[in-house]
Amino acid sequence: MEHESSYEEIIVEKSDKTYELKDQLKTYGIHYNFDEKEYSNNSPLSENVIEELKWFLKNYDLKYTTRQVNRKTLNYKIIPIDKNNFIIEQINNNLKCYFINVYIGMDQNRVNILDTRKSLHLSANLPKFESNDYLFEVLKYFSLHNEKLIEAKFDESELFTILPNIIDTHSLQISLEQKLQKFKFMVIKDLASKNKGDFLCNCVPGFFPETEFKIVGNKILSSYTQNFISSNQEKKIWKYLYKKENRKHIGNRKEPSLFELFKGAKIPIKEQTGNEYLGRITAIKEIRGKLEIKISNGIDEKVAPRLFGKEELFDFIKKYR
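Taken in order, the sequence shown gives residues 1 to 321; the numbers are from this note's numbering.
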């Protein structure tokens, strides 16, 4: 079953630099089109992916053009079983049309494909892959070696007509962790190429706002502890920076707001009885250059009996972190 669709196609100018970045481009749905001899997407991309892709192209000074295209799209989807096994399913009737197994060997790889509708089978040895996108590598090989399909009497199968139209969707279904790894590589390389120094960011939620983070090699150093942070803490920072609204803070120091500095900070409360306990700051308001704060004990909220200077309050709360 087919339907007509219109979408924005992005064509990246072919160059040595484009070839070097081909693996990163694939994560945005940009593949080498062997028929047109160009790098482009052959299926629709979401607005977020297009925005991220254009940001990537701009950062690496890659030239591109766009055009609206109409193309018949087959009604199929790829179901990954694991990294080596895939099913191609027809969406309208859930028919499992093709089973694909990829075996990764020491010197060469092997693919086994079963066409259930036409009772066809293909087994072939393939050279070592250039990427870990196994389905794309299979498509690339047989696009360049169509005679192998004829030799194996697999040319009657429609698989290699269907696969180019759905491969982008599969390639974009990489985990957030993989995307963050590519984003991390991109940011570190960008900071180094533009001689911005080793400063990465500050004011990251979940960390003290005055803490600065620096890139040392491929790791992140905290100014608060003067040590490298853990891998889980790194993920928190890269997830924060990955959001498009936070990317402006990469390599640029941010002045912490009063909210970031003090909201939720612990502060001692002394009751009329003389008992003292730690409450939390729930609100801050500037009055004539001084700060008025509200403090909660978890039940009641009240205004502190006096105003504080900004530095005074900051030094005060640091004792109770």
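Positions of the beta carbon are idealized from the N, C-alpha and C atoms, including for glycine.
Terminal residues of the continuous beta strand (DSSP E) containing residue i?
i: THR282; result: 276-287
i: GLU301; result: 301-303
i: GLU312; result: Looking at the DSSP string, GLU312 is not in any beta strand (DSSP E); the run it does join, the alpha helix (DSSP H), is 310-318.
i: GLU89; result: 85-90
i: GLU158; result: Segment: none, GLU158 is in no beta strand (DSSP E) and carries neither H nor E.
i: GLU292; result: 290-296
i: TYR76; result: 76-80
i: LYS248; result: Element bounds for LYS248: n/a, residue is neither H nor E.
i: ASN202; result: 199-202
i: LEU221; result: 219-222
i: LYS270; result: 266-270
Among residues of its own chain, excluding the 5 on either side of residue i, which ones have a beta-carbon nearer than 8 Å to its beta-carbon?
i: LYS128; result: ASP107, GLN108 and ASN109
i: GLU38; result: ILE11, VAL12, LYS14 and TYR32
i: ILE325; result: Since the first residue shown for the chain is 1 and the last is 321, residue 325 is missing from the structure and cannot be characterised.
i: THR211; result: ASN202, VAL204, SER222, SER223 and TYR224
i: THR68; result: Reading the sequence as shown, one finds Gln at residue 68 and not Thr. The residues are SER6, TYR7, GLU8 and GLU9.
Leaving aside the five residues before and after residue i along the sequence, list all residues of the same chain whose C-beta is less than 6 Å from its C-beta, in chain order.
i: LYS236; result: GLY206
i: LYS17; result: none
i: TRP238; result: LEU180 and LYS184
i: LEU53; result: TYR28
i: MET1; result: For MET1, the predicted model reports a pLDDT of 44, less than 50, meaning its position is unreliable and no value from the coordinates is stated.
The alpha helix (DSSP H) spanning residue i covers which residue range?
i: SER231; result: 231-242
i: LEU261; result: 258-262
i: PHE208; result: From DSSP, PHE208 is part of no alpha helix (DSSP H); its letter is neither H nor E.
i: LYS58; result: 47-59
Assuming residue i and residue j make a contact with CB atoms under 8 Å, what is their CB distance in whole Å?
i: LEU139; j: PHE154; result: About 14 Å; that fails the 8 Å criterion.
i: LEU180; j: TYR141; result: That belief does not hold up - the Cβ atoms of LEU180 and TYR141 are roughly 30 Å apart, past 8 Å.
i: LEU122; j: ILE113; result: 4 Å
i: TYR320; j: LEU278; result: 6 Å
i: GLU137; j: GLU147; result: With a Cβ gap of about 18 Å, GLU137 and GLU147 do not count as contacting.
i: LYS263; j: ILE284; result: 7 Å
i: PHE56; j: TYR28; result: 7 Å
i: THR282; j: GLU301; result: 6 Å
i: PRO209; j: GLU286; result: Not quite, the Cβ-Cβ distance comes to about 17 Å (not below 8 Å), so this is no contact.
i: ILE295; j: PHE308; result: With 8 Å as the limit, ILE295 and PHE308 do not qualify as a contact, their Cβ atoms being about 11 Å apart.
Taking only beta-carbon atoms, is residue i less than 8 Å away from chain B?
i: LEU163; result: The chain labelled as chain B is not found in the depicted structure, where only one protein chain is given.
Can you name, in chain order, every residue of its own chain whose Cβ lies under 7 Å from the Cβ of residue i, other than the five neighbours on each side?
i: ARG306; result: none
i: GLU234; result: ILE220
i: GLU51; result: LYS244
i: LYS310; result: LEU291
Length-filtered (4 minimum) alpha helix (DSSP H) runs lying within the region 12-43: 16-20 and 22-26
Whole alpha helix (DSSP H) elements within the region 94-151, 4-residue minimum: 134-144 and 146-151
Cβ contact check for the region 242-258 and the region 187-203: 3 or more pairs under 8 Å: yes
Validate contact between the region 211-224 and the region 256-274 using beta carbons, cut 8 Å, 3 pairs: no
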